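A.B. asks: When the count follows this note's numbering, it moves up by one through the sequence shown with no breaks and lands on 716 for the last residue.
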Amino acid sequence: MSCSNSNVVKWVEQSVALLQPERVVWVDGSEAEYKGICDLLVEQGTFKRLNPEKYPNCFWCVSDPKDVARVEDRTFICSKSEADCGPTNHWRDPREMYDLLYSIIRGGMRGRTMYVVPYLMGPDGSPFSKVGFELTDSPYVVANMKIMARIGKVALKNLPDHSNDFVRGLHTIGQLDSEKRYICHFPEDNTIISINSNYGGNALQGKKCFALRIASCQARREGWLAEHMLILGITNPAGKKIYVTGAFPSACGKTNLAMLIPPKLYTDAGWKVETVGDDIAWLNFGSDGRLYAINPEAGFFGVAPGTSYATNPAAMDTIRANTIFTNTALDLDNMTPWWDRMTDQPPKRAKDWLNRDWTPASKDKPAHPNSRFTAPAGQCPTIAPEWETPNGVPISAIIFGGRRTKVAPLIYEAFNWQHGTYTGVTMCSETTAAAEGKVGQLRRDPMAMLPFIGYHAGDYFQHWLDIGQRAGAVLPRIYHVNWFRRNAAGEFMWPGYGDNMRVLEWIFDRVTAGKDAEKTALGFQPRPSDVRTAGLSISDSTMRELFEVRPEDWREELDSQSKFFETIGSKVPKALWQEHAALKQRLGLK
Ligand code: GTP
Ligand code: SPV
Ligand code: MN
127 MSCSNSNVVK WVEQSVALLQ PERVVWVDGS EAEYKGICDL LVEQGTFKRL NPEKYPNCFW
187 CVSDPKDVAR VEDRTFICSK SEADCGPTNH WRDPREMYDL LYSIIRGGMR GRTMYVVPYL
247 MGPDGSPFSK VGFELTDSPY VVANMKIMAR IGKVALKNLP DHSNDFVRGL HTIGQLDSEK
307 RYICHFPEDN TIISINSNYG GNALQGKKCF ALRIASCQAR REGWLAEHML ILGITNPAGK
367 KIYVTGAFPS ACGKTNLAML IPPKLYTDAG WKVETVGDDI AWLNFGSDGR LYAINPEAGF
427 FGVAPGTSYA TNPAAMDTIR ANTIFTNTAL DLDNMTPWWD RMTDQPPKRA KDWLNRDWTP
487 ASKDKPAHPN SRFTAPAGQC PTIAPEWETP NGVPISAIIF GGRRTKVAPL IYEAFNWQHG
547 TYTGVTMCSE TTAAAEGKVG QLRRDPMAML PFIGYHAGDY FQHWLDIGQR AGAVLPRIYH
607 VNWFRRNAAG EFMWPGYGDN MRVLEWIFDR VTAGKDAEKT ALGFQPRPSD VRTAGLSISD
667 STMRELFEVR PEDWREELDS QSKFFETIGS KVPKALWQEH AALKQRLGLK
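1. Which runs of the beta strand (DSSP E) at least 3 residues long sit entirely within the stretch 409–480? Give them in chain order.
2. Can you tell me where the beta strand (DSSP E) with Val242 in it begins and where it stops?
3. Would the beta-carbon of Ala583 fall within 7 Å of that of Ile694?
4. State whether the stretch 294–303 contacts the stretch 322–337, with contact taken as three or more CB pairs (one from each stretch) at a distance under 8 Å.
5. Is Asp571 close to the ligand MN? I mean its beta-carbon at under 6 Å from any heavy atom of the ligand.
6. Give me the Cβ distance between Ser342 and Tyr586, rounded to the nearest whole Å; I'm assuming they're in contact under 8 Å.
7. Could you tell me which residues DSSP pairs with Ala597 in its beta bridges?
8. Could you name the residues of the same chain whose beta carbon sits closer than 8 Å to that of Trp703, not counting the 5 residues immediately before and after it, in chain order?
9. Roughly how many angstroms separate the alpha carbons of Phe292 and Val257, rounded to a whole number?
10. May I have the straight-line CA-CA distance separating Phe634 from Lys697, to the nearest angstrom?
11. For Asp656 and Trp632, I'd like the C-alpha separation in whole angstroms.
12. Identify every residue that forms a DSSP beta bridge with Gly359.
13. CA-CA distance, Arg196 and Glu514?
14. Looking at the unbroken alpha helix (DSSP H) that takes in Pro265, where does it start and where does it end?
15. Looking only at its own chain, which residues have a Cβ that is under 6 Å from the Cβ of Phe499, when we skip the five neighbours before and after it?
16. Does the Cβ of Lys333 lie closer than 6 Å to at least one heavy atom of the ligand SPV?
17. So, using beta-carbon positions, are Gly359 and Tyr369 closer together than 7 Å?
18. Does the ligand GTP have a heavy atom nearer than 6 Å to the CB of Tyr623?
19. On the DSSP letters alone, give me the boundaries of the alpha helix (DSSP H) that Arg712 sits inside.
20. In this structure, how does DSSP classify Tyr392 when only helix, strand and coil are distinguished?
21. Express the C-alpha separation of Gln544 and Pro699 in angstroms, rounding to a whole number.
22. Asp443 and Pro388: beta carbons closer than 7 Å?
23. If you check the beta carbons only, do Ile163 and Ala275 fall under 7 Å apart?
24. Three Cβ pairs or more, each shorter than 8 Å: is that satisfied between the stretch 521–534 and the stretch 162–179?
25. Given that a residue counts as buried once 16 or more other Cβ atoms are within 10 Å of its Cβ, and exposed if not, what is Asp193?
26. Are there any heavy atoms of the ligand COA lying less than 6 Å away from the beta-carbon of Ser156, as far as the coordinates show?
27. Could you give the residue range of the alpha helix (DSSP H) that holds Ser667?
28. Hey, could you find the ends of the alpha helix (DSSP H) Pro677 is sitting in?
29. Using the rule of at least 16 other Cβ atoms within 10 Å of the residue's Cβ for burial, across every protein chain shown, is Ser132 buried or exposed?
30. Counting beta carbon pairs with one atom in the stretch 362–377 and one in the stretch 394–408, are three or more of them shorter than 8 Å?
31. Restricting to Cα atoms, I'd like to know which of His606, Ala647 and Ile664 is closest to Ile537.
32. With respect to the alpha helix (DSSP H) encompassing Cys310, which residues constitute its N-terminal and C-terminal limits?
33. Which residues share a DSSP beta bridge with Lys645?
34. Are the Cβ atoms of Pro535 and Phe673 separated by less than 7 Å?
35. Give the single residue among Arg467, Glu539 and Gly616 whose Cα lies nearest to the Cα of Arg653.
36. Could you check what DSSP says for Ala559 in three-state terms: helix, strand or coil?
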């Protein structure tokens with residue numbers, strides 16, 4: 127394959143001189159090529175082929191035991207000025223970081239193959255799509271990128287010949303040395319260099335590195351939003367369809383909500399939910415002033431544990447073919463993948479994610495909590511027919527939601543865009559296994575973007591406010607949900623998953639029919655009886671508890687918000703402090 131863009135060719139030549147690979151392969155994105163890469167990974171022992179009847183063209187693999195999640199401590203934003211990076215990111219001077227990285231990777235691909243992976247983030251032919259290149263020595267990355275992005279010829283086709291508008295990415299697995307692991311972003315150069323990791327968002331550069339960290343900087347410059355959001359469509363029995371995005375922190379329910387199958391009572395009546403994206407949304411203004419979302423990705427890199435026919439049947443059907451399973455268990459009797467809560471019966475004989483023999487008598491869980499599947503989005507039974515529409519889908523509502531044992535009620539609606547921005551900025555959630563570090567600790571995660579804002583968080587908040595000020599903007603309404611509130615016994619009070627349809631219905635009716643709601647201190651809330659509970663065994667008192675706003679919890683919450691704002695410093699927009707004060711007053715707190 128050849129590339130007619132001389133900027134690309136020149137940069138690849140320079141990178142070859144730096145990394146000195148034995149061979150350079152331009153990836154064309156064909157099926158034959160993908161098959162060759164998978165065969166190579168099988169030959170190397172990295173991939174094991176799964177049962178061809180039950181899981182055709184699927185593979186199982188495990189990562190290095192110390193390379194199992196994103197590493198926020200080793201992730202850097204290298205903007206020229208430290209003030210552009212802000213306190214939520216780790217900053218390094220770009221010149222120093224380039225020097226350090228080059229000194230580590232110089233000659234690092236000797237004896238290896240360098241794959242040149244052109245990739246397109248966004249649908250073919252979309253004015254909002256963007257092109258990147260990942261130069262990598264990892265065939266595992268190439269195989270995953272084939273599923274997660276549109277790679278090869280289609281990417282080159284979307285890059286004009288003289289354009290310099292593409293993201294340059296270097297990736298090398300190096301020695302997988304976790305001490306020399308660096309995930310680095312140079313927003314002013316549209317450049318990504320990630321080394322010594324071969325896992326997920328560290329290594330598949332299209333995802334978090336480009337589509338969020340670099341793209342958030344581009345979006346700020348160009349007047350749009352790059353967000354950690356799922357995109358879904360909801361159709362009511364009368365055939366009216368709206369689109370909604372949802373920002374939830376990592377491993378807090380985006381994939382599940384995006385593929386929601388409504389309870390039978392809804393499907394019988396004619397309700398339908400369809401998937402446009404499960405992790406990232408790029409939102410641009412249309413000529414009608416509305417925000418239109420595209421899903422820049424082409425696949426799902428989804429959390430395996432907890433995924434089952436009971437919780438997410440659409441995901442289970444999506445991953446039955448052409449899927450890569452990383453760090454799940456392998457059922458040796460059936461050559462099928464397995465993880466916690468997938469089925470009631472664990473395998474009798476398995477390999478665990480550390481490649482050890484496992485039986486139900488073993489003491490550890492066989493799949494890593496951040497084990498994942500990589501599957502083509504087009505295979506999802508709930509995929510919206512318009513999921514690749516070049517202009518994107520018009521958004522009527524944005525949902526924010528964290529994982530919170532206490533404090534946040536099931537749902538409320540913000541009064542307006544500014545209040546909604548404040549609601550998103552003050553999101554808070556318990557940490558999960560998607561990133562290295564302790565699980566279950568409360569941390570503030572503005573717009574679910576804490577690890578992904580490629581610039582100063584205060585400027586990012588202002589950018590959200592500015593979007594709302596744009597002349598002629600017809601803005602979505604903003605909601606906050608919490609599927610994870612627990613009772614005194616520590617159990618989830620809300621059934622979640624498909625039953626989240628009941629909350630989506632309320633949003634649908636608010637947006638399309640102006641259904642009335644109660645004005646409370648937090649915003650507009652449904653009365654507990656406004657959320658349909660038919661078919662659920664949930665008591666009235668639990669429903670009341672799900673909606674409860676306890677002033678003493680909120681006093682702590684507001685204090686924690688102030689502390690968070692103080693860590694961001696003087697760039698926190700005044701409007702957000704005003705929203706904070708106004709909420710305090712509405713709650714009757716001094
Ligand atoms: P990333 O891919 O890391 O960005 O995660 P995500 O936001 O897509 O999260 P995902 O949908 O994969 O869910 C993560 C975990 O939360 C899984 O174990 C799910 O089973 C669980 N989960 C998702 N939705 C719900 C819900 O409504 N209620 C409860 N209790 N758990 C849920
Ligand atoms: C997340 O952590 O939000 C993910 C997984 O979606 S990763 O691609 O590893 O970032
Ligand atoms: Mn994610």
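Where a beta carbon is used, it is the ideal one built from N, C-alpha and C, also for glycine.
Just so we're clear, the structure is a prediction, and the values are computed from it rather than from any experiment.
C.D. replies: Let me lay it out:
1. 417–420, 425–429, 450–452, 455–457 and 462–464
2. Thr239 to Met247
3. Annotated as proximal: Ala583 and Ile694, with beta-carbon spacing under 7 Å.
4. yes
5. No, the ligand MN has no heavy atom inside 6 Å of this Cβ.
6. 7 Å
7. In DSSP, Ala597 forms no bridge with anything.
8. Phe691
9. 5 Å
10. 35 Å
11. 7 Å
12. Gly359 is bridged to Tyr369 and Glu400.
13. Each residue's alpha carbon lies about 28 Å from the other.
14. Pro265 to Met274 is the extent of the alpha helix (DSSP H) around Pro265.
15. The residues are Gly428, Ala430, Ile445, Thr449 and Phe451.
16. yes
17. yes
18. yes
19. Lys700 to Arg712
20. Of the three classes helix, strand and coil, the one that applies to Tyr392 here is helix, per DSSP.
21. 11 Å
22. Not a contact, by the Cβ cut-off of 7 Å.
23. no
24. no
25. buried
26. Looking for the ligand COA in the displayed structure turns up nothing; the ligands present are the ligand GTP, the ligand SPV and the ligand MN.
27. Asp666 to Phe673
28. Taken as a continuous stretch (DSSP letters only), the alpha helix (DSSP H) holding Pro677 covers Pro677 to Ile694.
29. Within a 10 Å sphere around the beta-carbon of Ser132 sit fewer than 16 other beta-carbons, which makes this residue exposed.
30. yes
31. His606
32. Here Cys310 belongs to no alpha helix (DSSP H); instead the beta strand (DSSP E) covers Tyr308 to Phe312.
33. Phe650
34. yes
35. Glu539
36. coil
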